[in-house]
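Down below is the structure, laid out as C-alpha cells.
Chains as they are written, first to last, in my numbering: chain A, 14 to 352; chain B, 14 to 352; chain C, 14 to 352; chain D, 14 to 352.
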C-alpha cells in the first residue's frame, strides 16, 4: 500500500505511520515529494486491515497496491481454466462457446422437457431452470423445490444437457448437488460467504453470478471463497448492474469480459436476459457478448412467456432462441470460436 | 397495473391484453387515448407476475400501481411501530432516539467492556459488535464466533445495553438469538430470504440493513419476509448505497428517512460509519440523520482505530463519541426529541 | 398521464385532480380500483408540466404515458435515417458501418496527417480530432483552436475522410462549421441546449454524445433540440455512463443500441475509447458494439500514446487499429453488414 | 503519481517508465516490493497528462497523488471564504446561514413580488427564480428572459433580497450580470467551461451547482475555472446526483458537506428541492443539511404548486416555508449558527 500524508504533516506523523506499517509486518519506505510525503509499505499486504492506517493523524488516504485475490488471479495461474460440465463434458472456457438455456423457473415436467429438447436441438449444452427461486416478493411463486430438481434430472437424461440450477440455502446443498451439474449462486447471494463455501465444498462446478453492485474485486474474491473451499471449477457470470438507467432493468457492462480475462484465469459467461430485463434486447446483447469474448451465454427461454410464472418479460421463445443460435454461430466463427 | 400499448396497436392486440388480465383474475378496463391506448387492470395485482404481460404483442410497457408490500406498509398499519430492545426496554421509533454504538468486531473481552461502559455513559442504549463477520476477503479476520457473543452478553450484564449483533447464517440462528437482543441482518444478506425468515421466526427484534443497491420497495419487501415469519419488531437501517462517488465508501441517502416514514410504520436508524466509510464524516452525518427524522443511530466506536481489526478507517474514538452525543442531544431537542 | 391517488382519497380529491387535468386541456377519466383510484388523462400531454399534479392533495404519483420526443421518435418517422458525411458521402446508419478514428486532440500537423492516412488505409471513413478540448482541469492542454481545424481540413483534402470535431461554444459555431463535416457535441454539453440549437441551425450533420448520466429520454430530447433547430442529420453516440464500477473509467451500456433502434430512427455509433478508458478494452468493445447492431465506431488512435497530450491511456496505435478493422470486418459480415 | 507495474515486469520496463516520468519534468523513484514494483514520481504533477504513462508496457495502473485543484483548495487558502451577496451584504459561509428561496421560474411580476415578501418575512436573504430555463424538453416553457430579470430586480428593490438567477449562455452574461446579485451555473452546465469562465470574468458571486454525475474533484475544478477567471466569490451548491434510486428524482448526498469543508475553503449550500424532487421531503432534508454543516439552503417556493409552470412537484408553499424556517432556526441554534 501507499499511504499519502496530508500537506503539512510533520516528521513525527510520518514516523508514526512508518511504525504502524512495521507493526503489520511490512517494511516502510518514505518518499518526500515536493508537495506531499508518501509512505510505501513493502510486503504482502493482502490479508491485512490496511484501512486502519487511515485513522492515524495527518494521513490523507491509503492506496492499496496488490489486488487481494490470489487463487482466482491470473498472476497465480496464467493458463485459462476450462470447466467441463454435464454428462457430455461440455467445455466452458475453451474454444467452444457454452450455450445454456431454459426457463427461469421449473414450472412443469412436460413443458420443461419440451424446452430442453428445443434448446438442445438449437445448440445448447446446458439447461437452466430454478427449483428454488429467490423472490423479492414473499407472496410470489417460490419454486417447486426437489420436485423441480427431479424434472431437471429427467430432462438431462433425455437430452444430455448439463443441469445448471440455483443453490439458495446451505440446508439444500446436498440435495441440489445430487441433481445439478452446476450449482448456481445467484446475484443476491454473491456476498453470502457461508453459501459460497458450502458450494465450494461439494467440489462441483459453480456458476457465480455477480452482485448488482459488486466491484470486480469483490466478484473475484467471492470466487476465491469457492476455490478455497474446494471447487476449482468456477464459472463467472455477469448479469447486469444497478445504475440510473431505466430503459433496462439492469445495465449490462460487457467490458467486464476483457477485465476478467486480464485479471483472472476463470471463464465468464453472460446472462443477457437478466442483464437487460427485456426479451427484445436478448438477441443483440447475446451477439455482443460473444464478440466481447465471453465464454458462453445463459438465456431464459420459455414456450409461452405471456404466462411464465417468473421473468416472462425477459424470456424469449424457443423459435427466437433457434434463430439466435444460428446468428451466434456466425459471430462465433468470426471470432475464431464455435458453438 | 396499467398496460401501455404501442402506437399502432390494433383492437385484436388490446383484446389479447385484456384477456391476459382477466386470466390473472383482474378486471380489464380499456382507455383509448389520442395517441396511445392503455389497459388498466382492476384488482389486487400484488402477488401476480404482471411483468409477463410485457411479452404480449404490441405492448410497450407495464406500470404497476400498487406497492407490493402489505404488512410493512403504512396503509395497513398507520401507527408507527415502536420496538423495545434490551434489558431496559429502550425504545426505537418513539420520542427518544436510540443510540447504538460499539466496535465493528468483537476483538477482546476487556476492550469490549471498556467500550460498552464508555458508550453507555455517553448516552447509548445499545451495544453493537460483530462476532460473525461477513468479510469480502476470505483471508481477513472472520470474527470470534460464540466467544464474541459471550463477551457481548457479559457487557450487557454490566451495562444494561441491548446487544445488537449480526446473524450471518441460518445454522447460527439459535446461538445468536440466545445472546443477542437484536439480530442484525447485514447489507450483504438483505436479499438472503431464507435468513430473513429464520431471523423472523425467532420473534426477536431484527435490525435489517438495506442492500447496497436495493430499492426502497425491495427493502420493505425484505422487512415483509421477516414480519411474515413472526417478528413484527423490525428496525430498518440505512447504511449507504453504491454510486459513482469516490470521496466516500458509500453514498448516504438520507431522503430514505421521510420516504420510509411515508410508506411504512417501521422505525429507521442510520449507520453513518458504514454510510460514509470515513471517521471524519461520522459526526456531521449523525447530526444530519437526526435532523432528517431518523429514530436512532448505529455507530462504530473503537478505542484504538489505528489497530482495529476491521473498519478502522470509519471508527471514531470514545472521546469523539461522547462529544457527538452532546451535540446530538441539542439537535434532538431542536427536533422535539431526546436521547 | 396516469395519476395514482393515495389510498384513502375521497371523491373531492379525485374531482380536484380531474379538474387540474381538464385545466391542462386534457380529458380526465377516473378508474376506481379495488385498492386505489387512478385518473387517466387523455390527450397529448407531451408539452405540459404534468409533474405539478403531484402537488394536489392525496396524489401518490404521476406516471407519464407518452415519451416526450416527437421528431426524433420512430413513431413519427418509421424509416431509419441515414446520414451522409464528408467528401465521399460515407453513410452512417446504412448497411455499411461508419468507422471514425483519429487522435483525441489535434496536436501537430504532420502527426495528424500520418494518422489520417493510416486509419483511412485500415478502413476508416471519418477522422476524429479535437481542436477545442473541454478539459476538466483548467491547467490542462486546451487544444490548438482554429489552427487545429486547419490541419483537419488538410488531412481531409489528402484522404477524403470526413472531419468530425467538437463544437464547445456558440461563439465558435461558424468557425467549426466552416472546417468540419460533422459537428460533435460532447458529453459535457449534451444538456447545453443553446449549443444544441446553434449546432442544429448550421444544417450540418451533428454527432451528439450522450451525457454521463443522461437518461435515454433526455438523450433523444437533446437530439430533438438539434432537429427542431434545422439539422435532421443527427448521429447519436454512446460513450459510457458513470456508475460504481472502477475497473473502467466509464461503464459502456451497449443495450442502448437496441433501445435506440426501437425508439428512434436516428443512427447510433459507439465510442469504445471513452466508453471504457483503457486501450486494452477497445478491440473487444468495438467488436461487441458491431454485434450489438451499432452503425459505427469512433475510436481514439494515436501513434505514440505514451506521449499523447490527452487520453493517452485509452488511445490505441495505428497497428492495433488496422488489426481491429480486419476483425471488425469479419464480425460485420456475420451481421450482414460491411465496413 | 505512483505507477504500479504489472507482476513480471522487467528492469527495462521500469527504466522506460522512469524515463517517461523524467520527460514530464518529474523525478522518478523506484520501489521494489515483494510482489510488485512501483515507481513514484516526485514533483508537481497536477498540470500533466499523467494517464498516458498507463500506455507504457507492463504498467498496471497510474495513481495520482495530488488533487488537481489549487486556488479552490483549502491547502492553498486555509481560511473559509465568506461571500457577501445582495444589497444587504448577506453572508454565505459565515456564522449565519443563507436562506435563498423563490419560484423555480419567474412566471409573473405580481406573484413573484408576493413570494419575495413572503420568503423575506420568513427569514430568507436571497430570492431565487429562473428567467432563462434549461429545459430537457424543447417544447416546455423556456422562461421569460430579460422581462423575468426585471421582475427579479423589482422584487429586490422592494425586499432587499439578493437575486440569484441562472446564467445559461455566454451571450446573456452581461444582461444577467446587470440584474443578478449571484450568477447561478446550473447542473447541466457545470462542465461548460466557457460559461464558467464567462461567469468568473464578471467578478460577481457565482453559485455553482454540482453536475448530476460529477465527482468532488470535477466540482472543485469547475470552481477553479471560475476563480481563475476572476471571481473569488464562488458558492458551491449540491443538488443531488443520479443513482439507481427511484423514490427520489435525485439522491442527495449530504456527506459532500464535510468533504467540501475538508478539501476547500468555499462555502456550500444545499438545494433540497431539486435534491429530492418531492415537496414532502424538502423540510426534513433542509434540516438535515443544516445539521450536516451546510452554509445555507436554496429552496423552491411557489404559492400554487399545482399550477407552477416548472417544478411544481418539488415546490413548497410559502406557509410550509415559514414553518420550515422556524424549525431551521432551532436546528441552527443547536449547531451554534443562526438564520
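The beta-carbon is built from N, C-alpha and C at its ideal position, and this holds for glycine as well.
Being a predicted model, the structure only gives us computed values, none of them experimental.
Contact with chain B by residue i, beta-carbon distance below 8 Å
i: residue 244(A); result: no
i: residue 59(A); result: yes
i: residue 41(A); result: no
i: residue 201(A); result: yes
Chain A contact for residue i (CB, 8 Å cutoff)
i: residue 63(D); result: no
i: residue 297(C); result: yes
i: residue 255(B); result: yes
i: residue 106(D); result: no
i: residue 368(D); result: Nothing can be reported for residue 368(D), as the shown portion of chain D is limited to 14 through 352.
i: residue 283(D); result: no
Extent of the continuous beta strand (DSSP E) run through residue i
i: residue 197(A); result: 195–198
i: residue 111(C); result: 111–115
i: residue 140(A); result: 139–141
i: residue 97(B); result: 96–98
i: residue 104(C); result: 103–105
i: residue 179(C); result: 175–179
CB contact check: residue i to chain C, cutoff 8 Å
i: residue 79(B); result: yes
i: residue 234(D); result: yes
i: residue 114(D); result: no
i: residue 352(B); result: no
i: residue 241(D); result: yes
i: residue 237(D); result: yes
Residue i: first and last residue of the uninterrupted alpha helix (DSSP H) it sits in
i: residue 161(C); result: 159–172
i: residue 347(B); result: 331–347
i: residue 127(D); result: 122–135
Contact belief for residue i with residue j at Cβ below 8 Å, rounded distance in angstroms
i: residue 88(B); j: residue 326(A); result: With a Cβ gap of about 27 Å, residue 88(B) and residue 326(A) do not count as contacting.
i: residue 234(D); j: residue 215(D); result: So it is not a contact: roughly 20 Å between Cβ atoms.
i: residue 302(D); j: residue 285(D); result: 6 Å
i: residue 324(C); j: residue 313(C); result: 6 Å
i: residue 13(A); j: residue 202(A); result: Residue 13(A) lies beyond the stretch modelled for chain A, which goes from 14 to 352, so this question has no answer here.
Residue-level contact to chain D via CB, residue i, 8 Å cutoff
i: residue 153(C); result: yes
i: residue 188(B); result: no
i: residue 149(C); result: yes
i: residue 344(B); result: yes
i: residue 17(A); result: yes
Open item on the list: So if I threshold CB-CB distances at 7 Å, which residues from the region 81–94 of chain C count as touching chain D?
Closed with: 81
Task: Interface positions of the region 165–181 of chain A facing chain B (Cβ-Cβ less than 8 Å), listed along the chain - done: 181
TODO: Quick one: which unbroken beta strand (DSSP E) runs of 3-plus residues sit fully inside the region 19–93 of chain C? Chain order, please.
DONE: 40–45, 50–55, 72–76
Task: Runs of alpha helix (DSSP H) wholly within the region 275–316 of chain A (minimum 4 residues, chain order) - done: 295–305
Open item on the list: Just to confirm the assignment: which complete alpha helix (DSSP H) runs, minimum length 4, are found wholly within the region 189–246 of chain B?
Closed with: 206–214, 229–242
Task: Cβ-based contacts, 7 Å cut-off: residues of the region 20–34 of chain B near chain C - done: 20
Open item on the list: Against chain G, which members of the region 316–336 of chain B pass a CB distance test of less than 8 Å?
Closed with: The chain labelled as chain G is not found among the protein chains of the depicted structure, namely A, B, C and D.
Task: Interface positions of the region 205–233 of chain B facing chain A (Cβ-Cβ less than 7 Å), listed along the chain - done: 205, 206, 207, 225, 226, 231
Task: chain D contacts from the region 43–54 of chain A (Cβ-Cβ distance under 7 Å) - done: 44, 46, 47, 48, 49, 51, 53: these are the residues of the region 43–54 of chain A whose beta carbon lies less than 7 Å from some beta carbon of chain D, given in chain order.
Open item on the list: Against chain D, which members of the region 65–77 of chain C pass a CB distance test of less than 8 Å?
Closed with: Answer in chain order: 65, 66, 67, 68, 69, 75.
- [ ] Using a Cβ-Cβ cut-off of less than 8 Å, list which residues of the region 298–310 of chain C approach chain A; keep chain order.
- [x] 298, 300, 301, 302, 303, 304, 305, 306
TODO: For the region 251–279 of chain A, enumerate the residues whose C-beta is nearer than 7 Å to any C-beta of chain D, in chain order.
DONE: 255, 256, 257
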